[in-house]
Amino acid sequence: AVAATTDILDSGRYISIDYLGEDTTDLGQASGTVSHYLTLLSSLAQLAPATDNGNGPRNIEISLKLSALGQFLPRDGHDVALENAHKICTAAEEAGVWVTVDAEDHTTTDSTLSIVGELREDFPTLGTVLQAYLKRTEADCRDLSGPGSRIRLCKGAYKEPASVAYQGKPAVDDAYLRCLRILMNGQGYPMVASHDPAMVDAALAQAKATGRTTDEFEIQMLHGIRDTEQLRLITQQQHVRVYLPYGEQWYGYFMRRLAERPANLAFFLRSLTSKN
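Have a look at this one:
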């Protein structure tokens with residue numbers, strides 16, 4: 001992961017690294033995930049800018065899934081995940097690295113946003129992910145787009161029932177555009193996570209319409225997908241962040257990405273890197 005990070009940064013892009021591990025079933029697993037992130041951050045500190053005046057985006061970010069930190073352990077899961085995430089956020093701040101908390105299926109949303117709210121009291125640059133296909137997300141965008149917020153907006157990749165999520169590409173696209181409009185008109189830092197050219201074009205158009213500079217939003221894409229477009233956007237002075245997942249627990253991640261867009265099978269295989 002560190003070697004891939006160096007290559008991506010050298011190309012002028014930013015990076016978000018996600019150590020894959022979900023559905024932790026005991027404290028030992030959660031502690032192991034924390035230890036892995038702390039080791040990773042120690043290495044990333046050598047690559048992060050030596051100084052950070054806080055006026056622009058950081059080039060390195062890590063992504064966290066709270067379920068991997070013990071969120072749903074039967075005993076004190078909320079507090080365990082909060083404590084573990086706090087340890088990681090502390091190390092990340094010392095390393096000059098951003099942290100964004102990932103979204104998972106809809107049953108986790110309230111718990112995740114609650115933990116994020118608590119963490120932001122100590123780490124105001126902490127980001128979180130909202131999934132546009134959930135019917136609640138427009139309201140969440142309004143609630144969370146205040147000063148200092150960082151919101152990664154993705155379409156969503158978990159299989160969800162029609163009672164809570166829009167079904168079918170047209171409805172999901174429309175929801176994404178509505179959420180995007182809210183974030184671009186808000187006071188936070190939108191992170192537009194999409195490979196869909198129509199969504200990327202809409203983001204650029206809305207950023208221009210709302211008077212955002214290129215330091216006030218970014219585009220995010222998966223490692224290995226639309227590389228040529230990523231580099232083209234860089235030549236236009238746009239910030240592009242590459243999402244780099246790695247680790248042993250890749251199967252669930254891969255299957256969700258495949259279900260989201262089967263045509264991307266080859267790209268997703270290439271986007272997964274080994275632990276080394």
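Heads up: the sequence shown begins at 1 in full-length UniProt numbering, then just goes up one per residue. Heads up, the beta-carbon is just placed ideally off N, CA and C, and yes, glycines get one too.
Residue i classed as buried or exposed, judged by whether at least 16 other C-beta atoms fall within 10 angstroms
| i | result |
| --- | --- |
| Thr5 | buried |
| Pro170 | exposed |
| Lys159 | exposed |
| Pro190 | buried |
| Ser163 | exposed |
| Thr33 | buried |
| Arg13 | buried |
| Val46 | Note on residue identity: the sequence assigns Gln, not Val, to residue 46. Result: exposed. |
| Ala85 | buried |
Pairwise C-alpha distance: residue j and residue i
| i | j | result |
| --- | --- | --- |
| Leu134 | His106 | 8 Å |
| Thr25 | Ala209 | 47 Å |
| Leu40 | Gln237 | 29 Å |
| Leu233 | Asp10 | 15 Å |
| Arg212 | Val192 | 14 Å |
| Cys179 | Asp7 | 32 Å |
Start and end residues, alpha helix (DSSP H) containing residue i
| i | result |
| --- | --- |
| Gln131 | No alpha helix (DSSP H) holds Gln131; the beta strand (DSSP E) holding it covers Gly127 to Gln131. |
Bounding residues of the beta strand (DSSP E) (the contiguous stretch that carries residue i)
| i | result |
| --- | --- |
| Asp18 | Tyr14 to Tyr19 |
| Ser63 | Ile60 to Leu64 |
| Glu218 | Glu218 to Leu222 |
| Arg120 | Per DSSP, Arg120 belongs to no beta strand (DSSP E); it is in the alpha helix (DSSP H), Thr109 to Arg120. |
6 Å Cβ shell around residue i - same chain, five flanking residues per side excluded
| i | result |
| --- | --- |
| Tyr109 | Checking the sequence shown, residue 109 turns out to be Thr, not Tyr. Hits under 6 Å: none found. |
Residue i, DSSP secondary structure in three states
| i | result |
| --- | --- |
| Thr5 | helix |
| Ile225 | coil |
| Thr100 | strand |
| Val240 | strand |
| Val164 | coil |
Interface flag, residue i vs chain B, CB-CB below 8 Å
| i | result |
| --- | --- |
| Ala139 | As a matter of chain content, chain B is missing from the structure shown, which is built from one protein chain. |
Same chain, Cβ closer than 7 Å to residue i, five either side skipped, listed in chain order
| i | result |
| --- | --- |
| Ala207 | Met184 and Phe217 |
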